[in-house]
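Just add 48 to the spot in the sequence shown (first one is 1) and you have the working numbering. Ideal Cβ placement from N, Cα and C applies to all residues, glycine included. This report refers to the structure that appears directly beneath it.
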Amino acid sequence: FEDFIADTARAATADELFGTFTSAMHRFGYDQVNFSIPRDLDLPPEHNRNSVFVNYPEDWQKFYEEKGIARIDPVLRAAATHHWGFLWSDLEKHQTLEKSQIKLMRLAEDAGLNNGIGIPFKGSRAQIAGVALATRERTDACVKNLDLISAYCTQFYAAYKRLFTRPASATFTVLTPKEEEVLLWVAAGKTDEDIASILTISRNTVDTHMRHIFRKLDVTNRVQAVVKAVMAGIIHP
């Protein structure tokens with residue numbers, strides 16, 4: 049993961065960044081990628097669109113566009129409501145989908161989009177963005193560690209935004225020494241209970257530190273917090 053952070057940080061163009069990202073996802077078994085940004089006000093308007101980068105089968109892309117599938121796509125809807133990575137198959141298990149949506153899922157599989165997962169990117173100002181991953185073959189992909197895949201995707205999006213975010217006056221996020229220490233343990237994969245034990249503080253205190261970290265870094269989950277802090281040089285795992 050540290051090599052991936054370094055590689056994406058060095059990317060000077062979108063094509064270079066997409067190449068690094070797709071190669072990393074291929075190592076997890078995912079060879080089909082769709083990166084979309086329905087809404088992110090930090091980016092110029094031309095970047096706010098579906099399929100900013102996509103290598104899905106061309107026939108499927110054409111069908112999706114011509115039929116206006118985005119209107120009923122349950123994966124796209126889930127990206128707007130979920131805060132964590134999800135399996136496409138879980139949408140059928142845990143939500144009441146319309147017949148047209150279920151049919152769409154089957155058509156996607158027939159088109160070569162199998163074992164799908166969605167990784168949403170949540171942020172301020174009603175941000176909606178995310179990556180959809182799938183495999184051309186029906187064999188199982190590596191979904192054993194969805195959190196790790198989410199970390200890769202979050203780092204990719206941070207690198208993308210660094211390339212294209214509108215210039216703004218410089219701002220510097222300052223975490224307290226204790227907040228930095230807590231976040232370092234989060235980066236090491238420790239739970240709140242673990243961190244409380246290591247630092248001899250209560251779990252409520254750990255939770256308070258995490259809420260302050262989320263607010264200061266303008267993020268909504270632990271993975272985003274670690275990635276953003278590493279990218280900003282705030283912590284060095």
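- CA-to-CA, the gap between S99 and F83 works out to about 5 Å.
- Under the criterion of beta carbons closer than 8 Å, I165 and G133 qualify as touching, at roughly 6 Å.
- In this chain, F49 is not harboured by any alpha helix (DSSP H), its DSSP state being neither H nor E.
- Here the C-alpha atom of A127 lies approximately 9 Å from the C-alpha atom of A180.
- Taking each of S148, T129 and N163 in turn and checking the Cα distance to W136, the smallest one comes out for N163.
- Beta-bridge partners of Q80 (DSSP): A182.
- In the DSSP assignment, P122 falls within the alpha helix (DSSP H) that extends over P122 to T129.
- Ranked by how close their Cα comes to the Cα of L223, the residues V278, K209 and T144 have V278 in first place.
- Every unbroken stretch of the alpha helix (DSSP H) spanning 4 or more residues and falling wholly within the stretch 56 to 102 is given here in chain order: 62 to 75.
- By the neighbour-count definition (other C-beta atoms within 10 Å, threshold 16), S198 is a buried residue.
- A direct Cα-to-Cα measurement between E64 and T248 gives close to 45 Å.
- The Cβ atoms of V230 and H257 sit closer than 7 Å to each other.
- The Cβ-Cβ distance between I283 and E228 falls below 7 Å.
- Following the DSSP letters along the chain, one finds I197 inside the alpha helix (DSSP H) bounded by residues L194 to F212.
- Put simply, of K147, D266, Q109 and P168 the residue whose alpha carbon is nearest the alpha carbon of C201 is P168.
- Counting along the chain, N162 sits inside the beta strand (DSSP E) bounded by residues N162 to F169.
- Around the Cβ of T187, a 10 Å sphere holds fewer than 16 other Cβ atoms; the residue is exposed.
- Taken atom to atom, the span from the alpha-carbon of K141 to that of D79 is near 25 Å.
- Beta-bridge annotation (DSSP): A177 is paired with F169.
- Counting only the Cα atoms, D138 lies some 33 Å from F212.
- L89 counts as exposed, since fewer than 16 other beta carbons sit within 10 angstroms of its beta carbon.
- From the listed residues H131, R154 and T61, the smallest Cα separation to D195 is found for H131.
- Between the alpha carbons of P122 and K110 lies a gap of roughly 18 Å.
- Comparing alpha carbon positions, the residue from P93, S148 and V271 closest to G116 is S148.
- At the C-beta level, V81 and N96 stay beyond 7 Å of one another.
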